[in-house]
Structure formats: C-alpha cells, structure tokens
Amino acid sequence: MMNKMVVANLVHRPIRSLISIVAIALEVTLILLIVGLCYGIMNDSKNRTAGIGADVIVQPPGSSFLAGISGAPVSVKIADVLRRMPHVKVVSPVIWQIATGGGLEVIDGIDLPSFEALGGPFQYVQGGPFQGPDDALVDDYVARQRHVKVGDTMEILNHTFRISGIVENGRGARKFVPMATLQDLIGAKDKASVFYVKLDDPANADAVVAAVKSQPGMEKYSVLSTPDYLSMMTPSHLPGFRPFIGVVIGVSLVIGFLVIFQSMYTAVMERTREIGILKAMGASKLYIVNVVLRETVLLAVVGILVGIAVSLAARIGIQQRWPLVHIDQSNDWMIRATIIAIVGSAAGALYPAYKAAQKDPIDALAYE
476 MMNKMVVANL
486 VHRPIRSLIS
496 IVAIALEVTL
506 ILLIVGLCYG
516 IMNDSKNRTA
526 GIGADVIVQP
536 PGSSFLAGIS
546 GAPVSVKIAD
556 VLRRMPHVKV
566 VSPVIWQIAT
576 GGGLEVIDGI
586 DLPSFEALGG
596 PFQYVQGGPF
606 QGPDDALVDD
616 YVARQRHVKV
626 GDTMEILNHT
636 FRISGIVENG
646 RGARKFVPMA
656 TLQDLIGAKD
666 KASVFYVKLD
676 DPANADAVVA
686 AVKSQPGMEK
696 YSVLSTPDYL
706 SMMTPSHLPG
716 FRPFIGVVIG
726 VSLVIGFLVI
736 FQSMYTAVME
746 RTREIGILKA
756 MGASKLYIVN
766 VVLRETVLLA
776 VVGILVGIAV
786 SLAARIGIQQ
796 RWPLVHIDQS
806 NDWMIRATII
816 AIVGSAAGAL
826 YPAYKAAQKD
836 PIDALAYE
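Converting from the sequence shown to this note's numbering requires adding 475 to each position, the first position being numbered 1.
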C-alpha cells in the first residue's frame, strides 16, 4: 500500500519528479565522466609507457615520472655508459618535448632503430619509417582524429613535417620525429630526456638499477625498473588529482542535496492536508518519514540509472568523435557514484521528512 502511494505521489507531480531525476542523473554523470576522464588519461599514459618494451627507465636528476615533464636533458653519451653495463642489450635515448598547439601533447624524438629494438618494430597501418629529417610518424588515433594520411603535412612545434607512416597506438607518444630534428628545434643538440633500457632478462632489472645508481656521476639520476615506474602512475602521485576529484564529488553532492531538498520540502508543504489525513488515521511520525524517504530513494534510483546510461552513451560518443580522449568505465566508481547520489538525496530529504512528521494533524486538516 505504501509503495503504491509513493509512486502515485511522484506521478501526480511529474514535472517536479522529472526535475529531481534529471538533477540526480546530472550528478552521477558528472562524477562518472570527469573521474573516468582523469583515470583514462592516467591509465592511457601508463599503458603506452608499458608498450615501449623497456625493462629499466633512466632519467636525469629532478625528472618527473610524467612523460614530457623532465629535468634538463643530459648528454646522449649517457647511453654509451649504460650499454657497457652487464645484462644491458639495448639502450634507446629519447628526447621529450611538450607541444601545446591544439592541445597538450608530448612529442617523442627517437632514434628509430634503437627504439624499435626495445619492443619490436612499429606496426604500420599505412606508410613506413622516416625517409628524411622532416618526416614524422603518428599513431592511428591521431590520424583518425586529425583526418590525415601518409604524405600529408602536419605542423609540430611550429615546423612542417611530412607524415611518412601511421602506426598502431600504444608505443610511448602519439607523434614521433627523428631525434636529431627535435634536438635542433628545441636547442638541445646531442641531448636526451630519458633512456629506455632493454635487458637480457627482466629479472635482472634490480641489479641493473643498483649498478646505474653506483656509477660515478649518476647517483642522483632517477633509475627505476619499468614495473616500479608504472607503479608511480597512481592518483596519490599525481599532484592535485585527489583534490580535484574531491571538488567534483563535492559539487555533485551539493547539486543532488539542494534539488532534492527543494523538491521534497515543496512537496511536503503542498501535502499538508494529506499528511493530516494520514496522521488522523493513525499514521505515526516514523510512517510519515518513511513515506518521504521512500519517495526520495525512488527518485534517486531512477536518476542513478539514467545517469549511468547517459554517462555510458556519452563515453561512446566522445571516443567516437575524439579518439584521443580516453574515459575509463569503472564499476567501482559506478558503485561510489550510486552511494554518493543516495547519500546526498537522503540528506536533502531529512529536514522535509522531519517537518512532515512534526505537523499537527488538527492544524493540517484545517489547512486550506
């Protein structure tokens, strides 16, 4: 009986119910899309770093684990020092440069033979390797989003490059140029930002890390095995990541709270006479509170389902339109968003429920 009455009350006020559902759906969508975008960017970078094929990653002192955010480049001759160490098979120096034209991205200046020796040759979707100093490789995501093909030109760091090949994504950056060309463009001749090291056996990574650290002049270098390097790419190591997520959740919670509070408070005021009849028929305060909270939970559940559906559809649409934008779909965050939405909605309904329970039945029956 109570459930029928709850549904009837919500159907009787369709506009208000719809507004509440949309607000809760917006709250859930906001959380899932923004959190999914943040985690998507981080995990995409982690997967592309793992795809390079290195066992040890060596960076200059003061470098960040974030690609492109490094200390001052150091001499490429460090590669010769690393090559002489036991268990080292391949050393590939790479120079990173952040480009901001059309969005923030990292350009990799690579020595193609040594880079391909790390994890195998590039898989070419179209075209092939560099044919000259002004050639560039882009991955298939960039090609699809920018609508470019082999032979087209592209501005990178205010320099015109010809696309010689389109490669499968997942090998470091999304754009690659010859290392010597990038060194000249940024004034870092014979310098490198990072050294990727391939070993005879990944199990020897810790021994090689210790050997590099003990090398005179390299004591302060950042030297990590690839698994340790990837383990740094977590929310706790990203500056501002957790506070940002906290702000998103806080704003979403306030949206849900205020809309439900306004909706349920207005509903209680409009149903003064109805509440009086219920109390005159023997309904307890707990019964009245239960009715209001059940209405709120029903609105929240419908809003959550709509929000999840909208976020999934938006994720598919965004990635079809902008292939470079990665949005992670996480069941864990769906559960968190559900809990957040229900808590915010319940909190917004508590005072209206209390207000309804406190109404005097005689005054309520006399209310016009």
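Glycine is no exception: its CB is placed at the ideal position from the N, C-alpha and C atoms.
query, result
"Exposure label - residue 559; buried when at least 16 CB within 10 Å", "exposed"
"Whether residue 625 touches residue 641 by CB criterion (8 Å)", "yes"
"Three-pair Cβ contact test at 8 Å for the region 714-723 versus the region 797-812", "no"
"Length of the line joining the Cα atoms of residue 583 and residue 572", "7 Å"
"For residue 675, the residue or residues it bridges with in DSSP", "Answer is none; residue 675 lacks a bridge partner."
"Reduced DSSP category for residue 489 - H, G, I as helix; E, B as strand; rest coil", "helix"
"CA nearest to the CA of residue 815, picked from 489, 507, 492, 701", "507"
"Three-state secondary structure (DSSP) of residue 635", "strand"
"Residue range of the alpha helix (DSSP H) that includes residue 895", "This structure cannot speak to residue 895, because the chain is shown only from 476 to 843."
"Spatial distance of residue 824 from residue 796 (CA atoms)", "39 Å"
"Among 818, 623, 603, nearest to residue 771 - alpha-carbon criterion", "818"
"Residues bridged to residue 611 [DSSP beta-bridge criterion]", "638"
"Beta-bridge partners of residue 770, as assigned by DSSP", "According to DSSP, residue 770 bridges with nothing at all."
"Exposed unless 16 or more other CB atoms sit within 10 angstroms - verdict on residue 733", "exposed"
"Distance CB(residue 785)-CB(residue 498) smaller than 8 Å", "no"
"Any 3 or more C-beta pairs closer than 8 Å across the region 669-682 and the region 561-569", "yes"
"Length of the line joining the Cα atoms of residue 663 and residue 548", "7 Å"
"Beta-carbon gap between residue 698 and residue 531 smaller than 8 Å", "yes"
"Of the residues 613, 535, 587, the one placed nearest residue 643, counting alpha carbons only", "613"
"Contact under 8 Å by Cβ, residue 551 with residue 665", "yes"
"8 Å CB neighbourhood of residue 687 in its chain, flanking five on each side removed", "531, 533, 557, 560, 693, 696, 698"
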